[in-house]
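For reference, the structure is listed below as structure tokens.
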Amino acid sequence: MTWRWLSFEALELSQLYQVVQLREAVFVVEQECAYLDADGRDRGAHHLLGVRDGALVAYLRAFAPGADGEACLGRVVVAASARGIGLGSQLMRRGMAHAWQTWGPCPIHLSAQAHLAAFYGALGYEITGEGYLEDGIPHLPMACPAPDRVPEIPP
């Protein structure tokens with residue numbers, strides 16, 4: 003398994019295609035959620051790609067803290083063929099460590115699908131507000147508080 007952080011500009015065309023393909027396979031096809039994935043925010047994000055045997059199997063994007071002082075992780079996705087072996091936790095831990103090493107200790111928020119609240123809770127996230135529907139799927143606002151010490155990025 004190879005993990006790599008890239009800016010939008012550093013993504014090769016084939017990598018960008020794999021990102022779009024994975025996000026659409028899970029969010030649009032598997033979850034039957036018709037929405038505009040190309041939301042215009044990818045250019046400002048840091049992209050984490052998890053590649054196994056030449057195929058993209060895990061991905062997320064990270065954003066610098068905004069006016070609220072919180073970083074953001076989003077489009078967290080693991081291919082159906084790669085689930086159940088801990089890649090989701092690895093992906094999130096890498097995303098969190100990168101955010102804190104890049105932008106300093108700050109809270110990190112995300113929009114969690116409600117059925118994954120326990121998964122994110124095990125990583126230190128807490129529900130911060132009322133649930134809501136996003137593209138017909140129940141979501142919860144969640145945030146992980148700033149750490150006392152910035153963790154190393156896992157090998």
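Counting in the working numbering, the sequence shown runs from 3 upward without gaps.
Note that the Cβ used here is the ideal one computed from N, Cα and C, for glycine as well.
Of the candidates Arg95, Ile110, Glu14, Ile110 places its Cα closest to the Cα of Ala69. A straight line joining the alpha-carbon of Ala64 with that of Trp7 spans about 10 Å. Annotated as proximal: Met144 and Ala114, with beta-carbon spacing under 8 Å. In chain order, Ala64, Phe65, Ala66, Pro67, Ala101, Trp105, Cys108, Ile110 place their CB closer than 7 Å to the CB of Ala73, counting only its own chain and leaving out the 5 sequence neighbours on each side. Distance from the CA of Ala99 to the CA of Val152, rounded to the nearest whole angstrom, comes to 7 Å.
Annotation for Phe65: the continuous beta strand (DSSP E) segment containing it runs 57-65.
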